[in-house]
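> Please read through the structure below; I'll follow up with questions.
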Amino acid sequence: MTPVLSVEGLSKRFGGVTAVDDVSFSVNAGELLAMIGPNGAGKSTCFNLVGGQLKPDRGRVRLFDHDLVGLPPRRIWRLGVGRTFQITAVFQSMTVVENVQMALISGRRRIGALWPKASHLYVDEALELLSRVGMLDQADRACSVLAYGDLKRLELAVALANAPKLLLMDEPTAGMAPAERIELMRLTSSIVRERGISVLFTEHDMDVVFAHASRIIVLNRGRLVAAGVPAAVRADPSVQEIYLGSAGAPVPSGSPA
Amino acid sequence: MRLEVHKLCAFCGRAQILFDVSLKLERGEVVALLGRNGAGKSTTLKSIVGLVEQRSGRVVLDGRDITYAPTAQIARAGLGYVPEDRRIFTELTVAENLLVGRQPPRSGAPAWTEKSLFHLFPNLAELSDRPAGEISGGEQQMLTIARTLMGNPAALMLDEPSEGLAPLIVEQLGKAILTLKQQGLSILLSEQNLHLARAIGDRVSIIEKGRIRFEGTMAEFGSDQTISRTFLAV
Amino acid sequence: MAFVVIQFLNGLASAADLFLVSAGLSIIFGVTRIVNFAHGSFYMLGAYLAFTLVEGVFGPAFGFWPGIVAAAIAVAVLGGLLEVTLLRRIYQAPELFQLLATFGVVLIVQDLVLLVWGPEDRIGPRAPGLEGAVSLLGHQFPRYDLFLIALGPIVLGALFLLFRRTRWGILVRAATQDREMAAALGVNERWLFTSVFVLGAFLAGLGGAVQLPREAVHHTMDLEIIVEAFVVVVIGGLGSVTGAFLASIILAELNAFGIVIFPEVTLVLVFLVMAVVLVIRPTGLLGRPEFAIRAASGVAEPPITPQSEAARNWVFAGVLGLAVLPVVADAYVLSVATEIMIFVLFAISLQFLMGISGMVSFGHAASFGLGAYGAALMIKHAGAPMELAFLAGIGLAALGALVIGWFCVRLSGVYLAMLTLAFAQIAWSVAFQWYGVTGGDNGILGVWPAAWAASPIVFFYLTLAVTTLALVILRRIIFAPFGFGLRACRDSVLRAEAIGIDRRQVQWFGFAVAGAFAGVAGTLYAFLKGSVFPDVLAVPVSVDGLVMVLLGGIQRLNGPIVGALVYKLLQIVLASYTDYWRLVIGVIIIGLVVAFPQGIVGFFGTRLDTLLMQRRNNS
């Protein structure tokens with residue numbers, strides 16, 4: 001079976017620094033793949049390379065049979081890749097439901113229309129998406145008064161608007177209270193399972209990762225250092241090393257010379 | 001110099017990053033602030049020096065409330081901050097970077113000169129006239145610490161200084177930090193590298209998801225394996 | 001060949017003052033992130049002060065050179081005072097309001113200059129020791145120009161040493177790269193900002209002063225130089241002194257050679273160079289990407305919703321009230337009311353561009369003026385009837401906006417705003433210089449409405465109908481998918497691109513729509529006045545629109561209506577009492593920026609919203 005997303009030999013340098021170094025992985029149909037690693041490991045760069053915000057120096061990114069390298073984010077979205085951001089990005093000047101309608105309008109290529117009232121378009125579909133993420137009762141509220149967790153759920157609804165085959169979620173639970181995190185990820189998992197969507201996500205919260213990831217890949221200093229099912233990654237000594245400090249790093253003994 | 005942080009909260013937009021973080025740093029001690037990625041270590045340090053706009057709580061430096069003082073004043077009061085991402089002035093030379101950090105000497109803190117810093121970080125001496133953007137990551141890490149020391153701080157906050165450094169460099173760094181400790185500096189060290197933290201820390205605070213989850217001496221921390229397993233391990 | 005060399009040297013000589021002004025502008029922006037529109041005012045003050053000091057105070061005995069230096073120092077002191085008294089209060093304010101406040105300073109200085117020195121041109125003396133000309137390749141070349149040619153590189157060298165060899169210079173470079181980190185190292189920002197501002201003002205003052213023997217000092221030189229300086233920093237890159245140096249030379253040489261070949265070509269050349277640079281390097285030759293500041297702030301704001309029943313009724317009542325106005329008003333009042341309605345329409349189109357689409361324009365007069373000229377040219381050269389001329393005006397404005405917009409949507413924030421101003425100024429120059437077609441500053445006369453619309457009452461009703469219709473259409477667009485798309489791009493480019501919106505295309509058409517509606521206003525204005533002069537394209541028209549929109553509150557749908565009404569009335573009333581209305585308006589603008597950073601309607605509107613919400617919650 002062809003993977004939904006396949007990444008081969010992805011590399012990106014900034015000035016003299018290699019941010020992503022020959023990374024290959026794939027996301028299979030229906031799986032939630034978590035990308036973890038310390039700060040500066042290259043997770044964000046990797047994400048932006050897949051999402052089209054950055055262009056790789058080398059390597060291939062394919063969604064099914066489509067080559068994504070060099071495409072702008074909007075084309076990648078049209079091919080079926082939805083995205084949520086680490087710091088939520090919503091349209092502040094629109095209500096909750098209008099945010100979803102905006103995505104639907106764009107998806108149906110009706111953005112050039114000058115006369116119809118946008119708020120009357122695709123109302124049912126927008127409300128259905130909101131209801132799926134549990135935001136129906138907040139449909140007409142301003143985004144500026146939403147709780148942070150609700151903003152994240154709105155982003156999820158927006159990302160689902162174009163019936164994506166793959167979701168890219170950059171730290172979906174960052175900045176949330178622990179209870180909210182669990183709830184959001186539970187919601188995400190159930191939606192993607194029921195719709196057969198695959199997910200690639202980065203995450204710092206290991207509880208979230210181990211509870212929801214089908215597989216995990218670990219990045220360190222731009223390189224892929226481990227990959228596998230959660231139990232295997234957790235047991236991997238090299239991963240332990242990255243997270244708990246390198247045993248190989250000799251430090252001065254307790255008392256100063 | 002004594003640093004007290006009381007119920008610090010910090011926000012990024014409407015996302016809350018820190019929840020009532022309290023810390024104490026006594027004169028001449030090294031406190032290791034440990035936590036996983038994204039736990040809130042960097043935000044804690046940034047909030048203390050006033051680089052996070054939305055914050056609440058209280059930060060007291062030697063009895064003086066500096067919670068809402070301008071960042072430059074906090075630095076001049078003797079609290080040095082070494083950022084995680086180094087933030088070297090890449091277009092300035094190594095020597096110029098040091099010059100930016102220079103402040104008059106203060107009583108109760110070691111007075112640094114360019115020369116004494118080159119003694120502490122020997123690699124930097126020969127790079128003095130090189131653009132800082134061209135030196136290696138490890139050298140930049142030394143430079144960012146040296147630059148802050150030029151302000152003759154009485155307390156120092158280091159944000160993940162070992163990040164991305166080769167083991168040999170981490171060793172040099174550890175030695176340098178120990179030297180500073182011996183000279184009476186109070187040091188708040190945010191780290192993920194447990195070995196470095198163990199080697200130089202007196203006390204430990206563990207932060208997880210924006211909350212302090214453990215406080216204790218290094219001995220207490222070391223004796224209880226479950227603590228590091230629970231809050232730090234994968 | 002000799003001619004080419006001489007012309008090249010001419011170019012170098014006129015690059016000097018341009019470089020001084022642009023370098024100051026760039027340095028100030030690098031550290032404080034404020035685009036100082038008053039920089040041209042510093043330049044003008046430098047010239048006038050030098051004139052006074054050299055002619056009067058120091059006298060011929062004391063000499064020319066001390067006078068020049070003293071003038072530059074005096075301007076530096078003024079700059080320092082301005083920074084301490086005004087700018088310090090508004091460093092935290094939204095970027096637009098900072099720009100507006102420095103605009104206020106421009107207006108004040110313009111009138112102060114008129115008050116002190118009068119409207120006539122002032123001719124300065126020759127520089128002692130540098131009078132006359134030298135023979136160069138068989139041509140006579142002014143000695144003083146040789147001095148100016150040397151001055152540019154000397155100042156560049158001096159700045160280089162200042163920034164490389166002094167601690168202050170190193171701190172400035174550090175703060176330009178990373179202000180936060182500099183602060184975390186104890187660098188005192190307040191002091192640094194003030195000193196940088198003083199240096200920038202000194203350079204501008206010096207630039208004005210050294211022009212004294214070369215060109216007459218006059219009271220419009222502030223805007224002329226600032227527009228050129230904007231073009232220079234857009235080409236050279238904000239924050240880069242070397243970039244400013246290169247770009248000043250490029251611009252001055254284009255002018256020097258353009259003028260001898262065919263003056264109109266000059267503008268096209270400038271335009272092309274700017275276009276090529278911006279397409280290849282959106283941040284200028286030596287600019288840094290991080291200076292591309294976003295137009296929209298991250299501040300939470302209420303969603304833009306179709307207006308409430310009450311607001312709609314108010315607007316409806318207003319239209320009704322206007323409809324019965326001819327019953328009671330005389331011809332003068334009617335023409336004032338007609339003019340105000342035209343500016344309401346202009347302000348609404350600008351608000352559509354700034355508030356809805358998030359593209360800040362400092363050159364919206366370009367569209368207004370193109371509308372006016374389009375109609376006038378159609379009548380003058382084709383003898384077309386009013387109706388056809390009206391369409392031609394809108395067409396020309398829309399076409400102009402398409403061209404300008406194509407470049408502008410490649411930029412954002414400050415760069416975009418400066419580029420719009422530069423384009424408007426280019427349009428102004430074309431109208432001003434192209435005598436054969438536009439009549440230059442004699443304008444185009446006889447642009448009268450058709451016979452059926454000639455009476456003031458009918459024209460009043462025509463304007464009322466067109467303005468109301470335009471208002472309805474723009475509202476409709478705002479709440480149509482296209483308007484949503486514009487708002488999406490304004491709110492979050494990241495999210496907009498991530499849901500398949502082609503930002504550039506959407507914003508480009510948004511720019512054109514705003515331009516077309518401003519063109520409608522311009523066309524009406526031409527027929528109201530019966531004539532068109534280059535003034536309709538000039539900076540003050542753009543500023544008027546900007547002040548109206550900001551007064552009304554940039555996010556408020558009815559804000560521009562209130563803003564235009566208040567501002568235009570104020571202007572008309574003040575103009576009838578005093579010749580120095582710019583001074584008063586400048587003071588008012590600054591006062592408003594310091595007091596109400598959200599605009600009037602925004603300020604009271606927010607309070608009203610809170611009140612309404614409380615009442616709703618209580619019931």
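Residue numbers (UniProt numbering), protein chains in the order written: chain A, 1 to 257; chain B, 1 to 234; chain C, 1 to 619. No residue lacks a Cβ here, since even glycine has one placed at the ideal position from N, Cα and C.
#1: State the DSSP-derived secondary structure class of N97 of chain B, mapped to helix, strand or coil.
#2: How many whole angstroms separate the CB atoms of A209 of chain C and A47 of chain C, which I take to be in contact at a CB cut-off of 8 Å?
#3: Tell me whether P142 of chain C sits in a helix, a strand or coil according to DSSP, three-state version.
#4: Under DSSP, the alpha helix (DSSP H) around D22 of chain A begins and ends at which residues?
#5: So, does the CB of residue 624 of chain C fall closer than 9 Å to a CB anywhere in chain A?
#6: Throw me the rounded Cβ distance for the T523 of chain C and G374 of chain C pair, which I believe falls under 8 Å.
#7: Taking the beta carbon of L196 of chain B as the centre, do at least 16 other beta carbons fall within 10 Å, making it buried, or is it exposed?
#8: Hey, quick one: how far does the alpha helix (DSSP H) through D20 of chain B stretch, first residue to last?
#9: Using a Cβ-based criterion (distance less than 8 Å to any ligand heavy atom), does P119 of chain C qualify as near the ligand ZN?
#10: Roughly how many angstroms lie between the CA atoms of H204 of chain A and F85 of chain A, to the nearest whole one?
#11: Secondary structure at L345 of chain C, three-state DSSP: helix, strand or coil?
#12: Let me see if you follow: with CB-CB separation under 9 Å, is A15 of chain B close to chain A or not?
#13: Nearest to V52 of chain B by CA position, among B:T43, B:V60 and B:V59, is which residue?
#14: Kindly indicate which residue of C:L25, C:M181, C:V187 and C:V155 has the alpha-carbon position closest to the one of A167 of chain C.
#15: Between A447 of chain C and T438 of chain C, is the Cβ-Cβ spacing less than 9 Å?
#16: Check the C-beta distance from A133 of chain C over to R143 of chain C and give it rounded, since I have them as a contact under 8 Å.
#17: In the DSSP assignment, what residue or residues form a beta bridge with Y81 of chain B?
#18: Within 9 Å (strictly less), CB to CB, does D178 of chain C reach chain B?
#19: I want to see whether chain A comes within less than 9 Å of D85 of chain B, judged by CB atoms only; does it?
#20: In the DSSP assignment, what residue or residues form a beta bridge with V7 of chain A?
#21: When the cut-off is 9 Å and only beta carbons count, does T88 of chain A lie next to chain B?
#22: Between the stretch 31 to 53 of chain A and chain B, which residues of the former have CB atoms less than 7 Å from a CB of the latter, in chain order?
#23: Please name the residue, chosen from A:L146, A:A157 and A:M185, that lies closest to R132 of chain A on a Cα-to-Cα basis.
#24: By how many angstroms is the C-alpha of V403 of chain C removed from the C-alpha of I123 of chain C?
#25: So, with DSSP's three-state summary, where would you put I242 of chain A?
#26: Can you find a C-beta in chain D that's less than 9 Å from the C-beta of G15 of chain A?
#27: Note down, in chain order, every chain A residue with its Cβ under 8 Å from the Cβ of F479 of chain C.
#28: Please compile the residues from chain B whose C-beta is within a distance smaller than 7 Å of the C-beta of A103 of chain A.
#29: Can you list, in chain order, the residues of its chain with a C-beta nearer than 7 Å to that of E29 of chain B? Leave out the 5 residues immediately preceding and following it.
#30: Kindly say whether E139 of chain B, judged by its beta-carbon, lies nearer than 9 Å to any beta-carbon of chain C.
#31: Below 8 Å on C-beta distance, what does A174 of chain A contact in chain B?
#32: Contact defined as beta carbons within less than 8 Å: I believe F25 of chain A pairs with I217 of chain A. What is the distance between those atoms, to the nearest angstrom?
#33: So what does DSSP say about P116 of chain A, is it helix, strand or coil?
#34: Taking Cβ-Cβ distances below 8 Å as the criterion, which residues of the stretch 201 to 212 of chain B are in contact with chain A?
#35: Just to confirm my understanding: we take P128 of chain C, look at its own chain, exclude 5 residues before and 5 after, and list those with CB closer than 7 Å. What are they?
#36: So, is H39 of chain C buried or exposed, given that buried needs 16 or more other C-beta atoms within 10 angstroms?
Straight from the coordinates:
#1: helix
#2: 6 Å
#3: strand
#4: D22 of chain A -> not in any alpha helix (DSSP H); beta strand (DSSP E) instead, spanning V17 to V27.
#5: Outside the modelled stretch of chain C, which goes from 1 to 619, sits residue 624 of chain C, for which no answer is possible.
#6: 7 Å
#7: buried
#8: Counting along the chain, D20 of chain B falls outside any alpha helix (DSSP H), though it belongs to the beta strand (DSSP E) covering A15 to L25.
#9: You won't find the ligand ZN in this model; it holds no ligand whatsoever.
#10: 14 Å
#11: helix
#12: yes
#13: B:T43
#14: The amino acid occupying residue 167 of chain C in the given sequence is Arg; Ala does not appear at that position. Nearest C-alpha to R167 of chain C: C:V187.
#15: Position check: residue 447 of chain C holds Val in this sequence, whereas Ala was assumed. It is not a contact, given that the beta carbons lie outside the stated cut-off.
#16: 6 Å
#17: B:M157
#18: yes
#19: yes
#20: A:F25 and A:V61
#21: yes
#22: P38, N39 and G40
#23: A:A157
#24: 39 Å
#25: helix
#26: The structure shown contains no chain D; its protein chains are A, B and C.
#27: K117, A118 and S119
#28: Going along chain B, no residue has its Cβ under 7 Å from A103 of chain A, so there is no contact; the nearest lies around 21 Å.
#29: S186, D202 and R203
#30: no
#31: A15 and G38
#32: 5 Å
#33: coil
#34: K209
#35: G63 and F64
#36: buried
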